[in-house]
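*Asks:* Got a structure for you, questions after.
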Ligand code: F6P
């Protein structure tokens, strides 16, 4: 059996841990040959691949990013203005691939799903720091991103406290608020603003003024996809041809400008950006990624294609990709963490 493996979309801590686990489980046990496709689906078009062996993955468990490289705007079904999927399938056939293990988010899963319908079976592994994929309680990479946000808030609180400032920290997460919610709670934010709950600038200012009156600073954790009532998303860039063309960013600076005239304290903002995606995965993410990789290899060996591995409670399960591709998972209105946040005095924007 010959299996291809690729990483699609943004890089993410734990990708290498999955590549390692799949390679060790399939090649290490002598069950299959594994070829890494480089730069995501783009590698199928530019014919870039390499053989993976237990030796080639020996030191990558703790390494951030992906040794295979990735691409976040290559959909072979509509790349550079035309459908190049035939070319991609021809390269897979030439390599002799029986199936693909695809590590990615919703965009990558949707593309893999379409290839599966064209005769290239797949098994999916859910990746994204955003934690916004349906059917899995956690994606690997999320825990590492939350750890970065939590540490950043700790550090920024030092200045907030010393100068009695209002400090705003902006997280990633696209249209889901998981990173801001968990990172904000872990870092002791006083205000957490999520895409799922449009906020009132005046209500946030009033909260900061109440804290000022009590001699306190205010720490605000805002997701890049959060927006004030009646306002649109803060879009940094549009990438033509990408499965998700909008790049968000800058809402913290937007909020800083609007809050400053409404409070006494100095208001400052920090955009954490790619610091949340870089560096070594946490121990939790290394273990989750290794479990996902091993279970993906098991699905391959059992011939159970068209499925994505997932974490449900403490158990690794798998779901049909049909029900998942193209869907996302925002923070639900009844999420228990929202209740905990409100119950412990965190302001959620209204
Ligand atoms: O989906 C992961 C993610 O890091 C989002 O949180 C963020 O909006 C986006 O990717 C940024 O992508 P890029 O690195 O292409 O700017």
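Residue numbers (this note's numbering): 78 to 427.
Glycine included, C-beta positions come from ideal geometry on N, C-alpha and C.
Only a predicted model underlies this, so the values are computations on that prediction, with no experimental measurement involved.
#1: I want to know whether the segment 403-414 touches the segment 221-228 - three or more CB-CB distances under 8 Å.
#2: So for residue 137, helix, strand or coil by DSSP?
#3: Given a cut-off of 7 Å, decide if residue 206 and residue 89 are closer than it, judged by their beta-carbon atoms.
#4: Using only the alpha-carbon positions, how far apart do residue 214 and residue 203 sit?
#5: Got a sec: does the ligand F6P put a non-hydrogen atom nearer than 6 Å to the Cβ of residue 324?
#6: Taking 8 Å as the limit between beta carbons, can you name the residues of its chain near residue 140, skipping five residues before and five after?
#7: Do you know offhand how far residue 134's Cα is from residue 368's?
#8: Name the two residues that bound the continuous alpha helix (DSSP H) containing residue 227.
#9: By alpha-carbon positions, which one of 136, 413, 166 ends up nearest to residue 81?
#10: Could you check whether the segment 330-341 touches the segment 273-285, counting it as contact only if at least three pairs of C-beta atoms, one from each stretch, sit closer than 8 Å?
#11: Within the same chain, show all residues whose beta-carbon is closer than 7 Å to that of residue 159, passing over the 5 residues directly before and after it, in chain order.
#12: May I ask you to check if the CB of residue 186 is nearer than 6 Å to at least one heavy atom of the ligand F6P?
#13: Go ahead and pull the three-state DSSP assignment for residue 395.
#14: Using the three-state DSSP reduction, which class does residue 405 fall into: helix, strand or coil?
#15: Who are the Cβ neighbours of residue 393 in its own chain at under 8 Å, not counting the five residues just before and after it?
#16: Please report the distance separating the alpha-carbon of residue 101 from that of residue 178.
#17: Taking C-beta to C-beta, are residue 324 and residue 314 nearer than 7 Å?
#18: Could you check what DSSP says for residue 148 in three-state terms: helix, strand or coil?
#19: Between which two residues does the alpha helix (DSSP H) harbouring residue 162 extend?
#20: Of the residues 286, 147, 105, 120, which one's Cα is nearest the Cα of residue 129?
#21: Going straight from the alpha carbon of residue 374 to that of residue 254, what length do you get?
#22: Between which two residues does the alpha helix (DSSP H) containing residue 186 stretch?
#23: So the candidates are 125, 123, 114, 424; which of them puts its Cα closest to the Cα of residue 257?
*Replies:* In this structure, then:
#1: no
#2: coil
#3: yes
#4: 10 Å
#5: yes
#6: 93, 357
#7: 16 Å
#8: 219-240
#9: 166
#10: yes
#11: none
#12: no
#13: strand
#14: coil
#15: 368, 369, 372, 386, 387
#16: 14 Å
#17: yes
#18: coil
#19: 162-172
#20: 105
#21: 31 Å
#22: 183-194
#23: 424
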